[in-house]
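Here's the structure we're looking at; comments come further down.
Numbering (UniProt numbering), first residue to last: 1 to 178.
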């Protein structure tokens, strides 16, 4: 993916047309603008995370298991779609106006899924209460994994997800869980 390799602002429409084999004119037949393409990439994968998160949230699960599944789902999407997720997280600032607000809202919705999962654990006495800023830190741990995650590395997506989950759960666990 060209945006992931060079960055959104460094890629021109002519180069996109050349790489896709469509040419500039044909490319504009498929997309209205380069920003439309960025919006499509940025929104598609965060919407996938929301969809996965809602499916996990709809299930009757122990709070620890819910966090485990959310962790594995999140890192799995980043791991399996690394170029797209690189663009999604690194280039959000290049979106303007309504597109930026829409993608920012998707990020908020996804964070809310995590907040709800943690709140459920707090209500059940499994987790200790934490500040919202700590939830942003948890999200950042996942969102910025695109910087170092290597699908050809020694750890699978599930192993990375389990390591993150272990770190999160041990930080959330109530002193005397019920």
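Built from N, CA and C at the ideal position, the CB exists for glycine as well. Computed from a prediction, not measured in an experiment: that's the story for all the values here.
#1: My understanding is that residue 164 touches residue 146, with C-beta atoms under 8 Å, so please give their C-beta distance in whole angstroms.
#2: When you compare the region 60-79 with the region 155-170, are there three or more beta-carbon pairs, one atom per stretch, that lie closer than 8 Å?
#3: In the DSSP assignment, find the alpha helix (DSSP H) that holds residue 71 and state where it starts and stops.
#4: Determine which residues share a DSSP beta bridge with residue 127 and list them.
#5: From what residue to what residue does the alpha helix (DSSP H) around residue 147 run?
#6: So, do the region 117-137 and the region 76-86 have three or more beta carbon pairs nearer to each other than 8 Å?
#7: Just how far apart, CA to CA, sit residue 156 and residue 74?
#8: Could you tell me whether the Cβ atoms of residue 62 and residue 136 are closer together than 9 Å?
#9: Near residue 71, what residues of its chain come up, given a Cβ to Cβ distance below 8 Å and the 5 sequence neighbours on each side ignored?
#10: Contact defined as beta carbons within less than 8 Å: I believe residue 107 pairs with residue 56. What is the distance between those atoms, to the nearest angstrom?
#11: Going by Cα to Cα distance, which pick from 79, 99, 77 and 51 is closest to residue 38?
#12: Please tell me whether residue 53 and residue 92 are closer than 9 Å, where the distance is taken between their beta carbons.
#13: Checking 9 Å against the spacing of the C-beta atoms, do residue 111 and residue 139 come in under that value?
#14: Using three-state DSSP, classify residue 43 as helix, strand or coil.
Per the coordinate set shown:
#1: At roughly 14 Å, the Cβ-Cβ gap does not stay under 8 Å, so residue 164 and residue 146 are not in contact.
#2: yes
#3: 63-80
#4: 173
#5: First-last for residue 147: undefined, no H or E at that position.
#6: no
#7: When rounded, the separation of the alpha-carbon atoms in residue 156 and residue 74 is 13 Å.
#8: no
#9: 142, 161, 162, 164, 165 and 168
#10: In this structure, residue 107 and residue 56 do not form a Cβ contact; the two beta carbons are roughly 18 Å apart against a cut-off of 8 Å.
#11: Taking only the C-alpha atoms, the option nearest residue 38 is 99.
#12: By the CB criterion at 9 Å, residue 53 and residue 92 fall outside the cutoff.
#13: Taking 9 Å as the Cβ cut-off, residue 111 and residue 139 qualify as a contacting pair.
#14: helix
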